[in-house]
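Residue numbers for the sequence shown follow this note's numbering, so the first one is 2 and each next one is one higher. Here a beta-carbon is modelled for each residue, glycine too, at the ideal position from N, C-alpha and C. Just below is one structure, and these are the notes that go with it.
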Amino acid sequence: MPDPFRILAINPGATSTKLGLFEDERELRRTILSHPDAELAAWPRAADQVQLRKAALAAFLRDSGAHAVGLDAVVGRGGLLRPLASGTYRVDSVMLSELRAAERGDHASNLGALLAHEVGEELGAPAFIVDPVCVDELAPVARVSGLAGIERESISHALNTKAVARRFAKERGRPYPDLRLVVAHLGTGVSVSAHRDGRMIDVNNPRDEGPLSPDRPGTLPTRALVDRCFRSGAQPEEVYRELFGSGGIFSYLGTRDLREARARAQAGDGLAALVLEAMTYQIAKAVGEMATVLLGRVDAIILTGGMANDPILIKELKSRVGFLAEVVVYEGEDELAALAQGALRVLRGEEPAHRYGRAGEDDGMLL
2 MPDPFRILAI NPGATSTKLG LFEDERELRR TILSHPDAEL AAWPRAADQV
52 QLRKAALAAF LRDSGAHAVG LDAVVGRGGL LRPLASGTYR VDSVMLSELR
102 AAERGDHASN LGALLAHEVG EELGAPAFIV DPVCVDELAP VARVSGLAGI
152 ERESISHALN TKAVARRFAK ERGRPYPDLR LVVAHLGTGV SVSAHRDGRM
202 IDVNNPRDEG PLSPDRPGTL PTRALVDRCF RSGAQPEEVY RELFGSGGIF
252 SYLGTRDLRE ARARAQAGDG LAALVLEAMT YQIAKAVGEM ATVLLGRVDA
302 IILTGGMAND PILIKELKSR VGFLAEVVVY EGEDELAALA QGALRVLRGE
352 EPAHRYGRAG EDDGMLL
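Below, the structure is given as structure tokens:
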């Protein structure tokens, strides 16, 4: 038996860094490092937090024996890069430069490649990202927005979405490209996607559209939004904060916590009950839309993400969309395992590592 591959997976969030150490598919250790707002206040840009977060994960590396035993790969969550095909990408200088400059937006996910590179350099291991949020496999017709000069973008929870699609295919003993799936990632943002021929051919960008969610408004009435943007004294940054982080459930109830909102609804809070019903209603509508993208031929509807742990939400969604296809639930997200699996496919020679600096090209050799 060959020695197992040892992989460190890094998933940075706004106020935390999730770490997982794997031997092949087996998880050896996992931890979540918290970064209080006060600690991060001095480094408001994500790229400026690299050394702070690297120092915080040093103890995990030491305690796990990574320095002594070594690693075969370090893999980080992919950030806001240019549109890419699905797959595993080697971290290179072009990617690092674009993420440091935050050319396409400043977000904690940008830290994944930066941290993977830092740790990989230190331990002599290659650094990768897997299925970043910018995975773009949209069909041409899905790009048309309705206003010339504005094109729909593919920004989504691609890492978890692709992982659960592959998981479902494996469990059913069928190739992923042979399946027609609707996958709804139910997290702080909600992205609902249609999968055909192994590609995510349509998806709502949770920064711009789709269902309302814990802190994002989803699709809004255009004229009302324009009026809101041009109200006296409003600045673009203020409107962006309101739309991305202070919208959705939070704008109505002052909380992003679905559990708190659910408890309030069950205690008789009529507004909380209405907002939660509206979110369920809008998610179901989005699933129905993606079913039409697949011409109604849907092998399964997959519900995943943190909100999939809410039994009431799942029950109500099943009652609304169950007539379309079988509904399968994968509660939560396991993006650390998804990252490790992406690196493992490359290490085992099952697929090539893509090059970011020269888009569309593979490494030409398998590791």
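Contact belief for residue i with residue j at Cβ below 8 Å, rounded distance in angstroms
i    : j    : result
F169 : I303 : 6 Å
R200 : E138 : 4 Å
S192 : N205 : 6 Å
P218 : L254 : Not really, about 13 Å apart at Cβ, beyond 8 Å.
L81  : L20  : Not a contact, Cβ separation roughly 22 Å.
A166 : H118 : No, A166 and H118 are not in contact; Cβ-Cβ is about 28 Å, not under 8 Å.
L182 : D300 : 6 Å
A266 : A274 : 4 Å
N12  : R78  : 5 Å
V75  : G121 : 4 Å
A344 : V131 : 7 Å
V95  : A114 : Actually they do not touch by this definition, with Cβ atoms about 11 Å apart.
L277 : R263 : 7 Å
Bounding residues of the beta strand (DSSP E) (the contiguous stretch that carries residue i)
i    : result
R197 : 191-197
R31  : 27-35
M201 : 200-204
G306 : 301-306
V329 : 328-332
Nearest to residue i (by Cα), restricted to the options the options
i    : options                : result
P133 : G188, E152, L116, A159 : A159
Y357 : S98, L277, A287        : S98
D203 : G121, L277, F245, T293 : T293
L348 : A126, R153, L275       : A126
Q50  : T162, T220, H36, F61   : H36
E334 : L187, R31, L272, A39   : L187
A341 : G289, G269, L29, T281  : L29
V136 : P84, T281, G121, F61   : P84
S87  : P222, A326, S155       : S155
D198 : G190, K163, L221       : K163
L112 : I151, R173, R54, R144  : R54
Coil, strand or helix - residue i by DSSP
i    : result
I369 : Given that the chain is displayed from residue 2 to residue 368, the structure contains no residue 369 and the question cannot be resolved.
L340 : helix
L41  : helix
A185 : strand
Q50  : helix
H355 : strand
G113 : helix
L139 : coil
G361 : The pLDDT assigned to G361 is 49, lower than 50, so where the model puts this residue is not dependable; a value taken from the coordinates is nonetheless given after this. Looking at G361 - three-state DSSP - the assignment turns out to be coil, as it is neither helix nor strand.
A74  : strand
R91  : strand
T162 : helix
E317 : helix
A60  : helix
L244 : helix
G121 : helix
A10  : strand
L85  : strand
E104 : coil
E154 : coil
L368 : Because the pLDDT of L368 is 38, which lies under 50, any placement of that residue in the model is unreliable, and the number read from its coordinates should be weighed accordingly. It is coil, neither helix nor strand.
Under 7 Å between C-beta atoms of residue i and residue j
i    : j    : result
E24  : P3   : no
E285 : L318 : Note on identity: in this sequence residue 285 is Ala, with Glu being the wrong assignment. Yes, the Cβ-Cβ distance between A285 and L318 is below 7 Å.
A287 : P207 : no
A185 : A109 : no
Segment limits, alpha helix (DSSP H) that includes residue i
i    : result
T293 : 271-294
D228 : 223-230
L22  : Segment 17-24 is the beta strand (DSSP E) holding L22; no alpha helix (DSSP H) there.
G249 : 249-254
E261 : 259-267
Any non-hydrogen atom of the ligand PLP closer than 6 Å to residue i Cβ
i    : result
R265 : Ligands displayed in this structure: none; no statement on the ligand PLP is therefore possible.
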